[in-house]
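Worksheet: one structure, shown below.
2 protein chains.
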Amino acid sequence: MLIEVTCLNIDSASFRQLKEECGKDSDRLKQKIRQIVADRGKMHNPVTGSGGMLIGTVTRKGPAFPDPSVQPGDRVATLVSLSLTPLFLEEIGEVDMAVGQVKVRGKAILFASGPFARLPDDIPETLSLAVLDVCGAPAQTARYAQTGHQVAVLGAGGKSGMLSLYQARRQVGEQGKVIALESNQKACEELRALGLADEVIPVDARNPVQVMEQVEQATAGRLADLTINCVNVRDTELSAIMATREGGTVYFFSTAVQFTAAALGAEGVGKDVHMMIGNGFAQGHADLALETLRECPPLKELFQSRYARGESGVPS
Amino acid sequence: MLIEVTCLNIDSASFRQLKEECGKDSDRLKQKIRQIVADRGKMHNPVTGSGGMLIGTVTRKGPAFPDPSVQPGDRVATLVSLSLTPLFLEEIGEVDMAVGQVKVRGKAILFASGPFARLPDDIPETLSLAVLDVCGAPAQTARYAQTGHQVAVLGAGGKSGMLSLYQARRQVGEQGKVIALESNQKACEELRALGLADEVIPVDARNPVQVMEQVEQATAGRLADLTINCVNVRDTELSAIMATREGGTVYFFSTAVQFTAAALGAEGVGKDVHMMIGNGFAQGHADLALETLRECPPLKELFQSRYARGESGVPS
């Protein structure tokens, strides 16, 4: 399927790395994006290995494309990582430095096996894009969080964190508890105002001992049954492991996670926990994330103000 | 706990990388090990991020060390990765280039939280070391493989692969099936002779389409309920994912695995599978691995011939 691309949503770990490398200069960042796509034929961050996703208009569909419901002219968001999506950029427009969205004009190919979502009419496009980029996390949280669980979400103040909080709160019920951990003070205040978590704890996720102590306190010494790691910086693996009770589950969603740090970290502290690699795909994940915005107007409003300020999809 | 170290067992991914970097020259390899330990204070491979483990004699125990059963004079193997174990090397002796074991004289510290095993009297030390280094994999396999499952083991011909085959075969019962995938021809023959797998398939684990087709064929089109990835080279994540049925589980044991390749790979092909990070620690994992050698004499014999040729623990 050939797509006329209008906007890229660079994933959080990648965009953070690019911003740092370019000293927060948007022109240098554009140049860097141009160079990565020219070199690799896709927006595949060579440092983080991650991508993001895109929105655009379907212009052509191969005769063997398996989904009959999508047609040329439809607005779609790809749910395959940009790190795997052939991309050609004709023009790079405005970069939203706070959000990681880049207005572009270009072309992309979606393979027949690649998941995508048609953009809904009732949600602004850039808002859909922002939410769909992380829709794997809340879908997995909804699966793993059970009635009565105490769930800790690290990096709770970002997109995937808040969507995961919502699903966790819904699953654990009155007997359960949802604990939001977040380093940014303003994000903590926003989380408290949203009321999705039973407790909001300001803490740096790179400090395993502090994280463990805080979660221990919030769970009456039991530690978390399920810990969701949504932090977009490195070196948070051990914090997630140590926040989790023996036999509990750690679900790593962020692409900043290092496999060996998790595998050898758990071994190193002798912690017998289940550790999951966050699969960005789950059946029904896109609908679940979009439905969350409809169900929870305060969350939609916050996301709208943070992630969807520019509404035009075309570079100015 | 202070340990007088006699032998290092470098993990497979790390040793392979070091061997390649040193052009299989054992003197250069010794020099490289000396340099890594001098630079980092531990045998922490800077490329793979992984370590391995060690054996030695306990020489001192801090007063607050929690395990009263271990005493100075005991021979122990550490079950914490060498990437997390403070190490000082006085001398580097013989390097077994085929096995990844290095005779040394040195000192290491085991923290109170670090798992270890006392070496049994009925199994040669270097054989215990070889098996204990990978004992997380068979323990996790025993948990995840269920009666009737079709289980695929990638990289089945190595230590962790064979131990995992044994546990898988025991769990799945007569209705289940265990499929061994291995690229090395000689290892395939050894696997056939051992009889631990119902089918042995020679295939390169870096070829996702071939792996998928072979597993499809071996499972009457169903694909694997559980795939265990024990391959010590990179770029095998997608093969494991594509060998697994929708809703099945992929268990990544090798430290050569890249988190983003797995997370974004599954997303990229729209495969809804559970992906586990191989925790090197599990309750009872050391005993389970050593017991396997006692229960399965042909496996013990093969391991003895492959991994425990030099029996002295002291550098010559």
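Taken in sequence, the protein lines are chains A and B.
So that you can map any letter, position 248 of the first sequence is 247 in numbering that gives the first Met the number 0, and since no number is skipped, the others follow by simple counting.
So that you can map any letter, position 298 of the second sequence is 297 in numbering that gives the first Met the number 0, and since no number is skipped, the others follow by simple counting.
All residues carry an ideal CB built from backbone N, CA and C; glycine is no exception.
A quick note: this is a predicted structure, and the numbers were derived from the prediction, not measured.
- In terms of Cα proximity to leucine 289 of chain B, the closest of B/Gln184, B/Phe64 and B/Ala129 is B/Ala129.
- DSSP lists B/Asn8 as the beta-bridge partner residues of methionine 52 of chain B.
- The stretch 113–121 of chain B makes no contact with the stretch 140–157 of chain B, as fewer than three CB pairs between them are under 8 angstroms.
- Against proline 114 of chain B, the close residues of chain A are Glu266 and Gly269, in the order they occur along the chain (beta-carbon pairs closer than 8 angstroms).
- In this structure arginine 221 of chain B does not touch leucine 195 of chain B by the C-beta definition: roughly 21 angstroms separates them, more than the 8 angstroms allowed.
- Look at valine 101 of chain A here: in three-state DSSP terms it is strand.
- As the crow flies, the alpha-carbon of glutamine 30 of chain A is around 43 angstroms from that of valine 214 of chain A.
- By a beta-carbon distance limit of 8 angstroms, threonine 5 of chain A contacts glycine 55 of chain A. Their separation comes to about 5 angstroms.
- Alanine 260 of chain B has a beta carbon lying within less than 9 angstroms of a beta carbon in chain A.
- When CB distances to chain A are screened at a threshold of 9 angstroms, the residues of the stretch 48–73 of chain B falling below it are Gly48, Ser49 and Gly50, in chain order.
- Between the alpha carbons of cysteine 134 of chain A and valine 232 of chain B lies a distance of about 31 angstroms.
- Residue environment: aspartate 224 of chain A is assigned as buried (16 or more neighbouring CB atoms within 10 Å of its CB, all protein chains considered).
- By the Cβ criterion, the stretch 59–70 of chain A is not in contact with the stretch 19–30 of chain A, since fewer than three pairs of Cβ atoms, one from each stretch, lie closer than 8 angstroms.
- For alanine 116 of chain A, the enclosing beta strand (DSSP E) begins and ends at 115–117.
- According to the DSSP secondary-structure assignment, threonine 243 of chain A is paired through a beta bridge with A/Ala223.
- Checking the DSSP bridge columns, you'll see threonine 248 of chain B partnered with B/Leu225 and B/His273.
- In the three-state DSSP reduction, isoleucine 35 of chain A falls in the helix class (H, G or I).
- Here the alpha carbons of valine 101 of chain A and proline 85 of chain A stand approximately 17 angstroms from one another.
- Excluding sequence positions up to five before and after leucine 28 of chain B, its CB lies within less than 8 angstroms of the CB of Leu17, Lys18, Cys21, Val94 and Met96, all in the same chain and listed in chain order.
- Interface annotation, asparagine 228 of chain B: not in contact with chain A, CB-CB separation never under 9 angstroms.
- The beta carbon of threonine 226 of chain B is closer than 6 angstroms to those of Ala151, Ala239, Ala242, Thr243 and Val249 in its chain, skipping five residues each way along the sequence.
- Residues are counted here when their Cβ sits less than 8 angstroms from a Cβ of chain B; for the stretch 119–144 of chain A these are Gly135, given in chain order.
- Inter-segment contact for the stretch 108–118 of chain B and the stretch 298–305 of chain A is absent: fewer than three beta-carbon pairs are separated by less than 8 angstroms.
- Interface annotation, valine 79 of chain B: in contact with chain A, CB-CB separation under 9 angstroms.
- Within the same chain, and ignoring the five residues on either side of glycine 283 of chain A in sequence, the residues whose Cβ sits closer than 8 angstroms to its Cβ are Ala138.
- Per DSSP, the unbroken alpha helix (DSSP H) holding glutamine 216 of chain B starts and ends at 207–217.
- Ranked by Cα distance from alanine 265 of chain B, the options A/Ser82, A/Thr58 and A/Val36 are led by A/Ser82.
- Between glutamate 3 of chain B and arginine 142 of chain B, the C-beta spacing is not below 9 angstroms.
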